[in-house]
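Asker: All you need for my numbering is the position in the sequence shown, starting with 1, plus 758. All C-beta atoms in this analysis are idealised placements derived from N, C-alpha and C, irrespective of residue type, glycine included. Below are the structure tokens for one structure; questions will follow.
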Amino acid sequence: MFNALKEQPADKILMLMEMFKADDRPTKIDLGVGVYKNAEGVTPVMRAVKAAEKRILEEQETKAYTGLAGDPAYGDAMVSLVLGDAVARSNVAAVATPGGTGAVRQAFELIRMANPGARVFVSDPTWPNHLSILKYLGMEVVSYRYFDSETGGVDFGGMMADLKGLRAGDVVLLHGCCHNPTGANLNMTEWKAVIAAMTAAGAVPMIDIAYQGFGDGLEADAAAVRLVAASVPECLIAASCSKNFGIYRERTGLLMAVAQDSGLHAVTQGNLAFLNRQNYSFPPDHGARVVSTILTDDGLRADWMAELEDVRLSMLGLREQLAAELQRLSGSDRFAFLAQHRGMFSRLGCSGEQVEALRRDHGIYMVGDSRMNIAGLNKTTVPILAKAIIDSGI
Ligand code: PLP
Ligand code: TYF
């Protein structure tokens, strides 16, 4: 049987991680995989996470199964973190999932179950796993223009023109904040226009939010998701706790299906639970319990928010330093977009050969499309990167 298997394409981001490990140059710089690192290059366990884990270790009395939707306290806490009071809780069906990826996967499956002919509109570019999962599920993908490589911002005219091709029942996948891989984001006026286009066509928004708190702050980063949820008849939201709680390997995510018609709640909730049962039965609990412990305790929540804010501001500081350094070395403003971008990533906008040269000649690792993880820098390596960029003729 196994001899019938074909080679599968590797994940380029994860491949880069292996290449970086194998490089023995002490000066190498890792700007590849999207994992937060502090100035010492460490991905720390957040203080509130440690405290919550300690509490769970001491107080948890059973490891018996939770429910197919996961622990309700986690669902409630996360719905509130992401959606605030934008919609009534009774209009939100939600299930815990293994990471944001699990939520994305279940969302696509729910779409396919409800409307096998649905096309999924995705930004060009988008997170590669969106495309690979959609392809695996045999779903039709339509890409819409998103990134303007001239300005480093959003090609909003192109995006709106491409959304004119929407038909009723199509799905539009949007990044809630901190677009991966570009770092370029819609402003609120643009979000309103996108919502109007989806509503006019009868298309359903699906929002992937994996970096809430990494861009403009916990509340600001959720503003677009909340506006969408409050404005449209139905939407799907896939949230990840991997980055903002720093619990990557615990696999903690939540899929939400919001309907203004609360009569749809029971059947939607039942279908989400059904999908969990088909794919893995009960979702992982440890990370979810850490999250709900933090979010429901005033002290832990405040400490988590303070540490997350430090993380956000450190990345913002690195962006500003890098943009200023490149301004100084190039004598131009052509890299100013780096300070405007939000989240962990920025697309530098150079060629594949230039990315390759940065790796070969300078030991600087970024993804082939010139996506850099800003958190891979520190105050000392920013000038090294800036000089390498200019020396490479970028
Ligand atoms: N969606 C996007 C855009 C991401 O960048 C990530 C990153 O890891 C995820 C979803 C899901 O992450 P995870 O499955 O680790 O929670
Ligand atoms: O884009 C990133 O780097 C993160 C981490 O298959 C990641 O989202 C990368 C590849 C992958 C899963 C997660």
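Applying the 10 Å Cβ sphere with the 16-neighbour rule, what's the burial state of M871?
Answerer: Indexing the sequence shown from 1 puts residue 871 at position 113. Exposed.
Asker: Distance check for M964 and T957, CA to CA, integer angstroms please.
Answerer: The residue you call residue 957 lines up with position 199 of the sequence shown. The residue you call residue 964 lines up with position 206 of the sequence shown. About 13 Å.
Asker: Using the beta-carbon of each residue, find all residues closer than 6 Å to any heavy atom of the ligand TYF and list them in chain order.
Answerer: Output, sorted by chain position: D769, I771, L772, V791, G792, W885, N887 and N938.
Asker: Does the distance from the CB of I1142 to the CB of C1108 come in under 7 Å?
Answerer: Position 384 of the sequence shown holds residue 1142. Position 350 of the sequence shown holds residue 1108. For I1142 and C1108, no; Cβs fall outside 7 Å.
Asker: Beta carbon of A968: closer than 6 Å to some heavy atom of the ligand SAH?
Answerer: Ligands in the displayed structure: the ligand PLP and the ligand TYF; the ligand SAH is not one of them.
Asker: Is the Cβ-Cβ distance between A955 and G858 less than 7 Å?
Answerer: In the sequence shown, the residue the question calls residue 955 occupies position 197. In the sequence shown, the residue the question calls residue 858 occupies position 100. In this structure, G858 does not lie closer than 7 Å to A955 by Cβ.
Asker: For the alpha helix (DSSP H) holding S1050, just list the boundary residues, first then last.
Answerer: By one-based count along the sequence shown, residue 1050 stands at place 292. Residues H1044 to L1053.
Asker: If you draw a straight line from the alpha carbon of D928 to that of A959, how long is it in whole angstroms?
Answerer: For the purposes of this step, residue 928 is taken as the residue at position 170 of the sequence shown. For the purposes of this step, residue 959 is taken as the residue at position 201 of the sequence shown. D928 and A959: Cα-Cα distance of roughly 9 Å.
Asker: Suppose you measure from the CA of K1001 to the CA of R1070; what does that come to, to the nearest Å?
Answerer: Here residue 1001 refers to the residue found at position 243 of the sequence shown. Here residue 1070 refers to the residue found at position 312 of the sequence shown. C-alpha separation (whole angstroms): 11 Å.
Asker: In chain order, what residues of the same chain lie with their CB nearer than 7 Å to the CB of V990, ignoring the 5 residues before and after it?
Answerer: Within the sequence shown, residue 990 is the residue found at index 232, counting from 1. Within the same chain, V990 has close Cβ partners I953, M956, T957 and P963.
Asker: Can you tell which of D1119, V1140 and G911 has the C-alpha that lies nearest to the C-alpha of R783?
Answerer: For this step, residue 783 is matched to residue 25 along the sequence shown. When only C-alpha atoms are compared, the closest one is D1119.
Asker: Please report the distance separating the alpha-carbon of F914 from that of G792.
Answerer: Here residue 914 corresponds to residue number 156 of the sequence shown, with the count starting at 1. Here residue 792 corresponds to residue number 34 of the sequence shown, with the count starting at 1. Straight-line Cα distance between these residues: approximately 25 Å.
Asker: Distance, Cα to Cα, G833 vs L1116?
Answerer: Working through the sequence shown from its first residue, we reach residue 833 at position 75. Working through the sequence shown from its first residue, we reach residue 1116 at position 358. Each residue's alpha carbon lies about 44 Å from the other.
Asker: Check whether the segment 1121–1129 and the segment 1092–1110 touch, using three or more Cβ-Cβ pairs below 8 Å as the test.
Answerer: Taking 8 Å as the limit for Cβ pairs, the verdict is that the segment 1092–1110 does touch the segment 1121–1129.
Asker: For the ligand PLP, any of its heavy atoms closer than 6 Å to the Cβ of G1075?
Answerer: Working through the sequence shown from its first residue, we reach residue 1075 at position 317. It does not: the Cβ of G1075 is nowhere closer than 6 Å to a heavy atom of the ligand PLP.
Asker: Just tell me which of A961, G1021 and F1093 has its CA closest to the CA of N873.
Answerer: What you label residue 873 is simply residue 115 of the sequence shown in a count that begins at 1. Considering only alpha carbons, the answer is A961.
Asker: Is T859 a contact residue of the ligand PLP, with contact defined as CB to any heavy atom under 6 Å?
Answerer: As a first step, residue 859 must be located in the sequence shown, where it is residue number 101. It does: the Cβ of T859 is within 6 Å (strictly closer) of some heavy atom of the ligand PLP.
Asker: What's the C-alpha gap between T801 and Y823?
Answerer: For the purposes of this step, residue 801 is taken as the residue at position 43 of the sequence shown. For the purposes of this step, residue 823 is taken as the residue at position 65 of the sequence shown. Approximately 30 Å, taken between the alpha carbons.
Asker: Going along the chain, which unbroken runs of the alpha helix (DSSP H) with 4 or more residues stay wholly within the segment 928–977?
Answerer: As far as the segment 928–977 is concerned, its whole alpha helix (DSSP H) runs of at least 4 residues are 946–959.
Asker: If you measure from the CB of S1000, is any heavy atom of the ligand PLP nearer than 6 Å?
Answerer: The sequence position of residue 1000 within the sequence shown is 242, counting from 1. Answer for S1000: yes, Cβ within range of the ligand PLP.
Asker: So, with DSSP's three-state summary, where would you put V990?
Answerer: In the sequence shown, the residue the question calls residue 990 occupies position 232. Residue state, collapsed to three classes: coil.
Asker: Check the C-beta distance from I905 over to T940 and give it rounded, since I have them as a contact under 8 Å.
Answerer: As a working note, residue 905 is residue 147 in the sequence shown. As a working note, residue 940 is residue 182 in the sequence shown. Note that residue 905 is Phe in the sequence shown here, rather than Ile. That pair is a contact at about 5 Å.
Asker: Is the beta carbon of S1020 sitting closer than 7 Å to the one on S848?
Answerer: Against the sequence shown, residue 1020 aligns to sequence position 262. Against the sequence shown, residue 848 aligns to sequence position 90. Taking 7 Å as the Cβ cut-off, S1020 and S848 qualify as a contacting pair.
Asker: Tell me the DSSP secondary structure of D781 in three-state form.
Answerer: Start at 1 with the first residue of the sequence shown, and residue 781 comes out as number 23. Looking at D781 - three-state DSSP - the assignment turns out to be coil, as it is neither helix nor strand.
Asker: For the beta strand (DSSP E) containing E816, list its first residue and its last residue.
Answerer: Numbered from 1 along the sequence shown, position 58 holds the residue referred to as residue 816. Run containing E816: none in the beta strand (DSSP E); it sits in the alpha helix (DSSP H), R805 to E817.
Asker: Per the DSSP calculation, F905 is bridged to which residue(s)?
Answerer: Position 147 of the sequence shown, counting from 1, holds the residue named residue 905. In DSSP, F905 forms a bridge with V912.
Asker: Check for me: the alpha helix (DSSP H) holding R1077 runs from which residue to which?
Answerer: Here residue 1077 refers to the residue found at position 319 when the sequence shown is read from its first residue. Looking at the DSSP string, the run of the alpha helix (DSSP H) that includes R1077 is D1056 to S1088.
Asker: Starting from the Cα of F778, find the closest Cα among D769, G790 and A768 and give me that residue.
Answerer: Numbered from its first residue, the sequence shown carries residue 778 at position 20. Nearest of D769, G790 and A768 to F778, Cα basis: G790.
Asker: Does the beta-carbon of E1083 have 16 or more other beta-carbons within 10 angstroms, so that it is buried, or is it exposed?
Answerer: The residue labelled residue 1083 in the question sits at position 325 within the sequence shown. Result: buried.
Asker: On a Cα-Cα basis, can you pick out the residue from Q1098, L1074 and S1150 that is closest to N1136?
Answerer: Numbered from 1 along the sequence shown, position 378 holds the residue referred to as residue 1136. Ranking the options by Cα distance to N1136, first place goes to L1074.
Asker: Mark K1155 as exposed unless 16 or more other C-beta atoms lie within 10 angstroms of its C-beta, in which case mark it buried.
Answerer: This structure gives no information on residue 1155, because the portion of the chain shown stretches from 759 to 1152.
Asker: Just verifying my parser: in three-state terms, what is the DSSP assignment at F1003?
Answerer: In the sequence shown, counting from the first residue as 1, residue 1003 sits at position 245. Three-state result, F1003: coil.
Asker: Is it right to say T947 is buried, meaning 16 or more other beta carbons lie within 10 angstroms of its own, or is it exposed?
Answerer: On the sequence shown, residue 947 is found 189 positions in, with the first residue counted as 1. T947 should be labelled exposed.
Asker: Between D769, E977, E811 and A861, which has its C-alpha nearest Y1038's C-alpha?
Answerer: In the sequence shown, residue 1038 corresponds to position 280, counting from 1. Of the listed residues, the one whose Cα sits closest to Y1038 is A861.
Asker: Whole angstroms are fine: how far does the CA of L1030 sit from the CA of L868?
Answerer: Here the question's residue 868 lines up with position 110 in the sequence shown. Here the question's residue 1030 lines up with position 272 in the sequence shown. Taking the straight line joining both Cα atoms gives about 7 Å.
Asker: If I follow the unbroken alpha helix (DSSP H) through L1033, where does it start and stop?
Answerer: The sequence position of residue 1033 within the sequence shown is 275, counting from 1. First-last of the alpha helix (DSSP H) with L1033: H1023 to N1037.
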